[in-house]
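Notes follow the structure.
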Amino acid sequence: MTPPEERRLLTPEEYAQAQASPEFVELKRRFRRFAFPMTVAFLAWYLLYVLMSTYAPDFMATPVFGNVNLGILLGLGQFVSTFVITHVYVAHANKRTDPISDEMRERLEHHEYAPGTRGSSGPSVTGGASRA
Amino acid sequence: MPELLAADSATIGSPAINISIFGIFVLITLVITFRASRNNTSAADYYAAGRNISGTQNGLAIAGDYLSAASFLGIAGAIAVYGYDGFLYSIGFLVAWLVALLLVAELMRNTARYTMADVLAFRMRQGPVRTAAAISTLAVSLFYLLAQMAGAGGLVTLLLGVTGEAAQAVVVVLVGALMIVYVLVGGMRGTTYVQIIKATLLIAGALVMTLWVLALYGFNLSALFGDSVANAVEGRDVLAPGAQYGATNISQLDFISLALALVLGTAGLPHVLMRFYTVPTAKDARRSVVWAIWLIGIFYLFSLVIGYGAGALVGPETILSAPGAVNAAAPLLAFELGGTVLLGIIAGVAFATILAVVAGLTITASASFAHDVYASVIKKGNVSPNGEVKVARITAIVIGAISIGLGILALQAGLNIAFLVALAFAVAASANLPTILYTLFWSRFTTRGALWSMYGGLIACITLILFSPVVSGAPVNPVTGVSPSLVQDVDFSWFPLNNPGLVSIPLSFFLGWLGTVLSKERPDEPKWAELEVRAFTGIGAEKAVQH
Numbered sequence: 001m002t003p004p005e006e007r008r009l010l011t012p013e014e015y016a017q018a019q020a021s022p023e024f025v026e027l028k029r030r031f032r033r034f035a036f037p038m039t040v041a042f043l044a045w046y047l048l049y050v051l052m053s054t055y056a057p058d059f060m061a062t063p064v065f066g067n068v069n070l071g072i073l074l075g076l077g078q079f080v081s082t083f084v085i086t087h088v089y090v091a092h093a094n095k096r097t098d099p100i101s102d103e104m105r106e107r108l109e110h111h112e113y114a115p116g117t118r119g120s121s122g123p124s125v126t127g128g129a130s131r132a
Numbered sequence: 001m002p003e004l005l006a007a008d009s010a011t012i013g014s015p016a017i018n019i020s021i022f023g024i025f026v027l028i029t030l031v032i033t034f035r036a037s038r039n040n041t042s043a044a045d046y047y048a049a050g051r052n053i054s055g056t057q058n059g060l061a062i063a064g065d066y067l068s069a070a071s072f073l074g075i076a077g078a079i080a081v082y083g084y085d086g087f088l089y090s091i092g093f094l095v096a097w098l099v100a101l102l103l104v105a106e107l108m109r110n111t112a113r114y115t116m117a118d119v120l121a122f123r124m125r126q127g128p129v130r131t132a133a134a135i136s137t138l139a140v141s142l143f144y145l146l147a148q149m150a151g152a153g154g155l156v157t158l159l160l161g162v163t164g165e166a167a168q169a170v171v172v173v174l175v176g177a178l179m180i181v182y183v184l185v186g187g188m189r190g191t192t193y194v195q196i197i198k199a200t201l202l203i204a205g206a207l208v209m210t211l212w213v214l215a216l217y218g219f220n221l222s223a224l225f226g227d228s229v230a231n232a233v234e235g236r237d238v239l240a241p242g243a244q245y246g247a248t249n250i251s252q253l254d255f256i257s258l259a260l261a262l263v264l265g266t267a268g269l270p271h272v273l274m275r276f277y278t279v280p281t282a283k284d285a286r287r288s289v290v291w292a293i294w295l296i297g298i299f300y301l302f303s304l305v306i307g308y309g310a311g312a313l314v315g316p317e318t319i320l321s322a323p324g325a326v327n328a329a330a331p332l333l334a335f336e337l338g339g340t341v342l343l344g345i346i347a348g349v350a351f352a353t354i355l356a357v358v359a360g361l362t363i364t365a366s367a368s369f370a371h372d373v374y375a376s377v378i379k380k381g382n383v384s385p386n387g388e389v390k391v392a393r394i395t396a397i398v399i400g401a402i403s404i405g406l407g408i409l410a411l412q413a414g415l416n417i418a419f420l421v422a423l424a425f426a427v428a429a430s431a432n433l434p435t436i437l438y439t440l441f442w443s444r445f446t447t448r449g450a451l452w453s454m455y456g457g458l459i460a461c462i463t464l465i466l467f468s469p470v471v472s473g474a475p476v477n478p479v480t481g482v483s484p485s486l487v488q489d490v491d492f493s494w495f496p497l498n499n500p501g502l503v504s505i506p507l508s509f510f511l512g513w514l515g516t517v518l519s520k521e522r523p524d525e526p527k528w529a530e531l532e533v534r535a536f537t538g539i540g541a542e543k544a545v546q547h
């Protein structure tokens with residue numbers, strides 16, 4: 001094997017610059033606007049199901065067809081909603097967040113966030129960026 | 001079904017067939033592990049399989065890691081005996097993956113190298129935070145190991161015809177020794193291949209049993225449910241909630257506590273988090289979680305049919321009186337359907353499951369000790385990667401030895417393994433998840449907040465378990481004449497719930513906030529910028545090792 005490719009390290013100034021950039025603010029906003037409300041939603045739906053199973057067992061035992069009752073159908077509904085949310089998240093990430101993060105990574109690799117420079121003569125690497 | 005359990009022996013099927021099918025699995029995986037080990041040269045190879053596992057492969061390996069003996073034996077057994085309440089376990093285990101997918105997987109993949117502590121200590125004081133993260137990693141892994149070994153113990157009695165405590169101990173030692181070989185020789189790559197093979201076998205085996213059961217009922221789910229109701233324990237409605245948890249106010253609260261631990265625990269399980277570091281990019285991490293969600297979800301749908309099938313075709317009385325009790329439901333159903341051959345296959349798969357999961361846990365715990373405690377805290381980073389891997393290998397042997405010891409103890413305990421795993425989830429949800437979320441999303445989070453949250457969550461969790469009916473004071477079961485607690489005849493319990501999550505998880509979130517607002521330490525802003533930019537863009541993430 002060959003040794004891992006030596007990474008071009010970024011300076012703390014570049015990270016700060018990148019973090020403050022409007023595209024990064026937009027990237028985080030898009031991520032959070034989706035991930036946070038969706039997390040609240042699926043946790044609430046899950047807890048509602050758990051609470052109904054615990055405190056309203058008679059309601060959950062309502063027969064729907066044959067021996068299949070409401071509780072089992074809602075339980076299967078948890079499976080369906082999990083699969084659907086997975087799919088929606090992937091679509092969201094592919095369309096809304098990946099393009100920004102891909103472009104930013106490209107620019108960071110070319111040191112385009114180095115303050116006052118256009119990448120060619122970025123400041124020397126410091127210890128702060130050398131970890132990992 | 002008296003013919004199942006011959007009077008002179010508590011085993012079912014033919015031990016020779018069971019052992020030979022298991023032997024074939026071991027042989028194949030050992031060959032693959034040795035071949036995989038040829039490429040194991042660097043620390044990234046040993047810990048993270050060189051980061052060139054594909055998203056699809058990793059998804060299968062995650063499913064292999066996650067679908068432990070608890071999922072296969074424990075959930076099917078709980079559904080067979082308690083019906084609906086067993087089904088609730090699998091829903092918690094599945095929905096939990098959305099937390100990992102939406103909030104944790106990709107960001108962790110982009111930020112860390114080998115262990116959970118790499119992220120948690122990123123912008124904190126390294127020594128204390130790494131130590132805390134390593135301690136909680138070891139705690140979760142040991143709880144999980146205990147569950148797997150308890151499963152192995154029960155299976156041995158049931159399937160291999162091994163009776164007598166000494167002989168059973170020999171089998172546990174053998175399982176432990178095999179697992180050490182996988183980890184030492186194969187490292188993360190070898191372990192990953194073992195997981196992939198095992199997941200494939202497990203899902204295929206479950207598919208066969210599911211189709212078989214459904215075929216017997218003309219693919220009419222309602223008829224299957226009807227039969228399991230007819231065979232249920234007297235007066236128990238296995239289709240309605242409450243058979244296991246509905247009895248009292250306390251048991252209802254206990255169930256909510258369990259549900260919370262299940263849904264928040266997965267994204268804090270160190271051995272699951274470590275799997276994200278084996279893929280080359282964040283997109284592969286996403287792809288692997290998507291695969292894992294589909295595989296795990298479909299598997300749990302199978303286990304719903306297998307569980308009710310075992311309830312209907314084998315019957316809860318037979319299951320409960322078999323060695324291994326609830327955990328015996330799936331093997332007994334296999335025997336009922338396909339005789340000794342199907343039983344042998346399912347038994348082999350169940351053993352493979354335990355072996356693979358235990359190997360995954362061992363590599364995680366050994367990586368955490370070597371990378372976080374030895375290299376970063378004791379040696380302050382002045383250690384060659386080779387020296388670090390050497391320590392990891394030695395730790396793997398020690399952890400292997402500990403889990404062999406626990407396994408022999410667990411033989412006598414006879415707890416439901418799904419329940420033991422639930423305790424591991426409670427520790428993960430209390431000690432790890434709050435700190436992971438604060439670290440990734442809260443700019444002001446500080447070292448003190450991280451330490452309070454991790455130690456507070458861990459100590460609260462362990463203390464509450466120690467003083468719960470799990471350890472002492474549960475009422476004596478009139479059927480068996482013993483209390484389900486670990487300790488008999490003394491009662492020092494004061495916490496009424498079996499699962500501590502309802503208290504310890506909110507407490508840990510609160511302590512993380514409190515520690516942060518009370519600390520004078522200013523958050524490390526340059527490090528926060530680096531963490532955020534790296535997490536969201538993937539810049540500076542470790543690349544795949546080229547071979």
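Residue numbers (the UniProt record's numbering), protein chains in the order written: chain U, 1 to 132; chain X, 1 to 547.
In this text, a Cβ means the ideal position worked out from N, Cα and C, and glycines have one as well.
Quick one, which of Ile408/X, Gly512/X and Phe22/X has its alpha-carbon nearest Ala167/X's?
Ranking Ile408/X, Gly512/X and Phe22/X by Cα distance to Ala167/X puts Ile408/X first.
Output needed for Glu106/X: all residues of its chain with C-beta closer than 7 Å, excluding positions within five of it in sequence on either side, in chain order.
Only Ala282, Ala285 and Arg286 meet the Cβ criterion.
Mind listing the chain C neighbours of Arg105/U? Cutoff is C-beta to C-beta under 8 Å, in chain order.
Here the protein chains are U and X, and chain C is not one of them.
Just checking my contact of Thr435/X with Leu120/X at CB under 8 Å: how many whole Å lie between their CB atoms?
Right, the Cβ-Cβ distance comes to about 6 Å (below 8 Å), so this counts as a contact.
Quick check: the Cα distance between residue 564/X and Tyr66/X, rounded to an integer number of angstroms?
With chain X represented from 1 up to 547, any question about residue 564/X goes unanswered, as that position is not in the structure.
Taking 8 Å as the CB-CB cut-off, is Ser222/X touching chain U?
Flagged as an interface residue toward chain U: Ser222/X, by a C-beta distance shorter than 8 Å.
With a cut-off of 8 Å, does the C-beta of Pro37/U fall near any C-beta of chain X?
Pro37/U does not count as touching chain X.
By a C-beta neighbour count over all protein chains shown, 10 Å radius and 16 as the cutoff for buried, is Arg123/X buried or exposed?
The residue is buried, with at least 16 neighbouring Cβ atoms inside 10 Å.
Kindly confirm or deny that the stretch 127 to 136 of chain X and the stretch 431 to 450 of chain X touch, where touching means at least three C-beta pairs closer than 8 Å.
They touch, by the three-pair rule.
Does any residue of chain U bring its CB to less than 8 Å from the CB of Glu521/X?
Taking 8 Å as the threshold, the shortest C-beta distance from Glu521/X to chain U does not fall below it.
Using the Cα positions of Leu258/X and Val208/X, report the straight-line distance between them to the nearest angstrom.
Cα to Cα, the separation comes out at about 31 Å.
Leaving out five residues before and five after Arg7/U in sequence, what residues of the same chain have Cβ atoms less than 8 Å from its Cβ?
Its pLDDT being 49, under 50, Arg7/U is placed unreliably in this model, and the value from its coordinates should be taken loosely. So no residue of the chain qualifies.
I'd like to know whether the C-beta of Gln252/X is nearer than 8 Å to at least one C-beta of chain U.
It does; some Cβ of chain U falls within 8 Å.
Report the rounded CA-to-CA distance for Ala426/X versus Ile505/X, giving the unit in angstroms.
A direct Cα-to-Cα measurement between Ala426/X and Ile505/X gives close to 8 Å.
Those runs of the alpha helix (DSSP H) which lie wholly inside the stretch 25 to 88 of chain X and span at least 4 residues:
Correct list: 43 to 48, 55 to 66 and 76 to 82.
Just verifying my parser: in three-state terms, what is the DSSP assignment at Pro128/X?
In the three-state reduction of the DSSP assignment, Pro128/X falls in the helix class, which pools H, G and I.
Verify the CB distance criterion: does Lys95/U have a CB-CB separation below 8 Å to chain X?
So no, Lys95/U is outside the interface.
Decide if Ile250/X is buried, meaning its Cβ has at least 16 other Cβ atoms within 10 Å, or exposed.
Exposed, by the Cβ-count rule.
Rounded C-alpha distance that separates Val238/X from Asn477/X:
Spanning the two alpha carbons is a distance of roughly 21 Å.
DSSP-derived helix/strand/coil call for Val68/U:
Note: Val68/U maps to strand in three-state DSSP.
Cβ pair count under 8 Å reaching 3, the stretch 288 to 305 of chain X against the stretch 514 to 525 of chain X
Contact between the stretch 288 to 305 of chain X and the stretch 514 to 525 of chain X is absent, because fewer than three Cβ pairs lie under 8 Å.
Limits of the unbroken alpha helix (DSSP H) element including Gln17/U:
For Gln17/U, the enclosing alpha helix (DSSP H) stretches over residues Pro12 to Ala20.
Step through the CB atoms of chain U and report whether any lies within less than 8 Å of the CB of Arg125/X.
It does not; no Cβ of chain U falls within 8 Å.
If you reduce the DSSP assignment to three classes, tell me which class Pro63/U lands in.
If DSSP states are grouped into helix, strand and coil, Pro63/U belongs with the strands.
Return no unless some Cβ of chain U is closer than 8 Å to the Cβ of Glu165/X.
By this cut-off, Glu165/X is not an interface position.
Please state whether DSSP places Trp494/X in a helix, a strand or coil.
For Trp494/X, the three-state secondary structure derived from DSSP is coil.
By the 10 Å Cβ neighbour count, where 16 or more other Cβ atoms means buried, how is Val125/U classified, buried or exposed?
Because Val125/U sits at a pLDDT of 38, beneath the cut-off of 50, its placement in the model cannot be relied upon, and the following sentence gives the value as read from the coordinates. By the neighbour-count rule (16 or more Cβ atoms within 10 Å), Val125/U is not buried but exposed.
Can you give the beta carbon distance from Pro331/X to Val81/X, rounded, assuming they're within the 8 Å contact cut?
In fact, because the Cβ distance is near 14 Å, the residues do not count as touching under 8 Å.
Under a Cβ-count criterion, where at least 16 other Cβ atoms within 10 Å of its own Cβ denotes burial, should Arg45/X be classed as buried or exposed?
Note on residue identity: the sequence assigns Asp, not Arg, to residue 45/X. Buried is the call here.
Give me the Cβ distance between Tyr84/X and Ala329/X, rounded to the nearest whole Å; I'm assuming they're in contact under 8 Å.
About 15 Å; that fails the 8 Å criterion.
Pairwise C-alpha distance: Thr111/X and Ser101/U:
Distance from the CA atom of Ser101/U to the CA atom of Thr111/X, rounded to whole angstroms, is 14 Å.
Can you pull the chain X neighbours of Glu109/U, defined as C-beta to C-beta under 8 Å?
The answer, in chain order, is Ile539.
Proximal chain X residues relative to Val88/U, where beta-carbon distance stays under 8 Å
Here the premise fails: no neighbours, minimum Cβ distance about 10 Å.
Drop a sphere of 10 angstroms on the beta-carbon of Ala215/X, count the other beta-carbons inside from all chains shown, and report buried for 16 or more, exposed for fewer.
Exposed is the label assigned to Ala215/X, since fewer than 16 other Cβ atoms lie within 10 Å of its Cβ.
Determine, for Leu27/U, whether the minimum Cβ-Cβ distance to residues of chain X falls below 8 Å.
Cβ-Cβ to chain X under 8 Å: yes for Leu27/U.
Minimum C-alpha distance to Thr86/U - residue among Ala20/U, Lys28/U, Thr39/U and Arg32/U
The residue with the shortest Cα to Cα distance from Thr86/U is Thr39/U.
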